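Worksheet: one structure, shown below.
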RNA sequence: UCCUCCUUAGCUCAGUUGGUUAGAGCAUCUGACUGUUAAUCAGAGGGUCCUAAGUUCAAGUCUUAGAGGAGGAGCCA
């Protein structure tokens, strides 16, 4: 971008200097002789005030200065006479770079509903809210890479197209170049995938974990940060068909090391955002407060920045599934049958109402649940000696639910093979995974962190479709 | 996929028991105003009441079906 950004200029200590700013008109006010333009270039949530004297600027130019128009302004940076900003630009030249028809431009200087902006996702970047969200999104991405880099991790790009469908993490999107009206058929009359691009059925990845394990068992500490695809018909505020996932995998780590890593990493990222996104967080905090005005006091969330500081400065609660079941069994909502799913016995899968009770009512802080019954978890999780539970861990966050799912992996060849057999995982196809247990197997652990769920927590937004630029979900792939 | 709710002006929404020409705020346009802060003041324009069928003398309002959206649930990150 040419010249100084508005962020740079607003933090200037000099005055009466010549400046050149480029940006988009957020608002325009005026009186008989003078117009005030709020100009924003995306470098910061704050707009710069441009003051235009009608006498010095051509009338046709003045007519083009409407909300949404792109301008180049040359002028002098001066102390503002108005109260709400330190500096403003006294313009002597305004060039319209791009007009915006005021009658047709959908974004107005007023509050828009998130639903409306979601339908105008191509233009919502130009609002304060989404500007703040996507600047923060970048900082969170950067902080994650920073954390792993600082700690000796190696970033691995695991495949996006995969032939393996054994992860069991959900429905997959098929990838094919075969004709959809007239595919080649085999002798049995079924689609002949031998003629497909890869010579076999392929899908978009639902997880890079299995491949990350291969890398970890040589490079030691690795992580993935890539797109992930689930073809589930999920219509909720916390699911996407295309989302980004971070999956660290560490050789020689046991479950305790795994919990330490996840907790330390999350706290690092939150602190990084607190230190580097203050203006945007302040704005989102006020926005949330505004949004929740209509709610009863007990239903309102903790102030955004306080909430982030609280999580960064307090230890997460760690407890076993068995302990959680005991707490839930004896809880008021369970006794009074307020839960839709009453907890009766050990072995029950926890519903989101139970997770919310533990995190939001009982402990009031993030909770790491470990040692789940083996029957409700994946084949690769390490069996405990009790033969009933596995070394799984789920991190539950207030307002979001499960943000991390991970485990210590089963490194013992015989037990892994037995588990795969029990759960109908095709051993032949998975030879490459099994090989790691055959040759120099060691204990290792890892987890998957849902990037957009972390974004929900950090921004205080409540719908996952608002923290990714162009959300993909059932019946929607617009833009 | 299931449950609940919603769909009226560019946006956010009101519209009583079914009853004349469907309203408001903001936005837009026009004008006023000596520096505004989502400026203010005055005026104007702007409607396929989501779509289709039905009930009725009469439907924005009632019924049925469909489409789209939101929230919750399940699946999960």
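Residue numbers (this note's numbering): 11 to 489. By construction, the Cβ of each residue, glycine as well, lies at the ideal position given by its N, Cα and C atoms. Just so you know, these numbers come straight off a predicted model, no measurement behind them.
In terms of Cβ geometry, residue 404 and residue 379 form a close pair [threshold 9 Å]. Between the C-alpha atoms of residue 415 and residue 72 there is a straight-line separation of about 56 Å. For residue 261, the enclosing beta strand (DSSP E) starts and ends at 252-261. Residue 404: member of the beta strand (DSSP E) spanning 399-407, first to last residue. Comparing C-alpha distances from residue 77 to each of 89, 86, 337 and 57 shows the shortest one belongs to 57. Just so you know, the alpha carbons of residue 189 and residue 465 end up roughly 39 Å apart. Counting only residues of its own chain and dropping the five nearest sequence neighbours on each side, residue 133 has a CB closer than 7 Å to the CB of 116 and 117. Shown here, residue 442 sits in a helix according to DSSP, grouped into three states. The closest CA to that of residue 422, considering only 364, 447, 289 and 123, is found on 447. When the Cα atoms are used, residue 350 and residue 471 turn out to be separated by approximately 26 Å. Of the candidates 199, 224 and 180, 224 places its Cα closest to the Cα of residue 164.
Taking a cut-off of 8 Å on C-beta distances, the region 98-106 touches the region 61-72, as three or more cross pairs fall below it.
Annotated three-state conformation of residue 230 is coil, per DSSP. The three-state secondary structure of residue 381, taken from DSSP, is strand. Nearest in C-alpha terms to residue 231, of all of 290, 200, 325 and 158, is 158. Sorting 88, 316 and 376 by C-alpha distance to the C-alpha of residue 406 places 376 at the top. For residue 455, the enclosing beta strand (DSSP E) has its first and last residue at 454-460. Residue pairing for residue 38: DSSP places it in a beta bridge opposite 47. DSSP, read as helix, strand or coil, puts residue 219 in helix. Scanning the region 131-213 from its first residue to its last, the whole alpha helix (DSSP H) runs of 4-plus residues come out as 138-160.
Beyond the five residues adjoining it in sequence on each side, residue 458 comes within less than 8 Å, by CB distance, of 217, 219, 255, 256, 257, 414, 415 and 416 in the same chain, given in chain order. Ranked by Cα distance from residue 135, the options 386, 485 and 480 are led by 480. Between residue 263 and residue 454 a beta carbon distance of about 6 Å is seen, short of the 8 Å cut, so the two are scored as contacting.
DSSP places residue 89 inside the beta strand (DSSP E), whose first and last residues are 80-89.
By the 16-neighbour rule on beta-carbons within 10 angstroms, residue 40 is exposed.
The DSSP-derived three-state label of residue 298 is helix. Going by beta carbons, residue 27 and residue 86 fall inside the 9 Å limit. Put simply, of 318, 243 and 75 the residue whose alpha carbon is nearest the alpha carbon of residue 33 is 75. When secondary structure is reduced to three states using DSSP, residue 419 falls in the strand class. DSSP places residue 103 inside the beta strand (DSSP E), whose first and last residues are 97-108. Two segments are said to touch when three or more pairs of C-beta atoms, one from each, lie closer than 8 Å; by this definition the region 333-353 does not touch the region 286-305. Residue state for residue 33 is assigned as strand, using DSSP reduced to three classes. A residue is called buried when at least 16 other Cβ atoms come within 10 angstroms of its Cβ; residue 331 meets this threshold and is buried.
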